Structure formats: structure tokens, C-alpha cells
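Only one structure is covered here, and it is reproduced in the block below.
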Amino acid sequence: MEGPGFYISELEELERVVSDPTAKATRLSISLLRHITDDFSEELIVGRGGFGVVYKGVLPNGLAVAVRKISQTDGFGDKEFLNEVGNLMMVAHKNIVRFIGYCSQAQSESVQFQGRYVFAESIQRLICMEYMPNGSLDRYIHGKLNTASEI
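Per this note's numbering, the sequence shown starts with residue 199, numbered consecutively.
Here it is as C-alpha cells:
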């Protein structure tokens, strides 16, 4: 059975990985990540950083994940991305957010170039992590809380 651009079994596998703390990270499609982030909706942005934007992804079973859409920057190619994925796969500790999955997928898109529309290939690289509903620890360490009740 298929969903909007992905197989339902892929969504079920993601739900299984998120629900099972012993499950290994899995490869994810851009279609699935678009679906759970409502096409990377501005309303689902939970953070921004030097390497990209982080979105909240919501699964049908109600669980959430953090999806970091990595900016296409010079010096961060396939080798660096695969190295980061490999490092994340080796890390497992109760005090570190869990690595859920990754996506590295080429996509063709229509872009305007010198007054004409042309098709260009772009590489989408994303990292999917455990979602932490209380935000970044940085807020607590560096005293950026609005009120004491946020702790």
C-alpha cells in the first residue's frame, strides 16, 4: 500500500524504530519526511542552526521526531554526511538524543536560471533524531529561560 509518495510500510517501520529504544536507525525517503513535517511547514520549525533547520515531524501514532534538513553548504558533501551518519549510529547513551534515521536523496526541481526555467538536481540530506519536547538543553545551561516554570 502506498501513501503520498512513499510506502505505508516505510511509515510503519519509522513508527517501530521510534517506539523501540533498541531499534537501529533506518534509511528514510524524502517523501516520508515531507509527509510527517507537513512539507517542511514553517509552523513545525523548532530550531535553526549553522547546518540547517530542524522541524518537528509528527507520526500517525502521535509520536514525534526531530528532522534536521541540512543546508547545502560547501564542504559538506556525501563523504561528510556519511561520516556523520556513521558516527551517530555508533552513539547510544541514555543522556544523548537517539538517532532514528537519515535521508540522502537526489531530486530534480525546476529553477529559474538566466531568465529561463531549467531542471536542476539537488541533493537533500536529512537527519532524523528523537524529539525532545522541552527544546534545547542550551536554553537551560545558558539561562535563556523565560520563566522558572519552564524547567
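All C-beta atoms, glycine included, are put in the ideal place defined by N, C-alpha and C.
The model shown is predicted, which means the values in this text are computed figures rather than measured ones.
Item to complete: Give a yes or no on whether the C-beta atoms belonging to residue 235 and residue 255 are separated by under 7 angstroms.
Response: yes
Worksheet item: Can you give the Cα-Cα distance for residue 257 and residue 227, rounded to whole angstroms?
Response: 14 angstroms
Worksheet item: Of the residues 331, 280, 293, which one's Cα is nearest the Cα of residue 323?
Response: 280
Discussion item. Whether or not the segment 207-225 and the segment 288-299 are in contact is what I'm after, with contact meaning three or more pairs of Cβ atoms, one per stretch, closer than 8 angstroms; do they touch?
Written reply: yes
Item to complete: State the Cα-Cα distance for the pair residue 199 and residue 230, rounded to the nearest angstrom.
Response: Note that residue 199 scores a pLDDT of 47, beneath 50, so its modelled location is shaky; the value from the coordinates is reported in the next line. Straight-line Cα distance between these residues: approximately 14 angstroms.
Discussion item. Given a cut-off of 7 angstroms on the beta-carbon distance, is the pair residue 326 and residue 265 in contact?
Written reply: yes
Discussion item. Please state the DSSP three-state secondary structure of residue 243.
Written reply: strand
Worksheet item: What residue does the beta strand (DSSP E) around residue 250 start on, and which one ends it?
Response: 250-256
Fill in: Contact belief for residue 305 with residue 319 at Cβ below 8 angstroms, rounded distance in angstroms
7 angstroms
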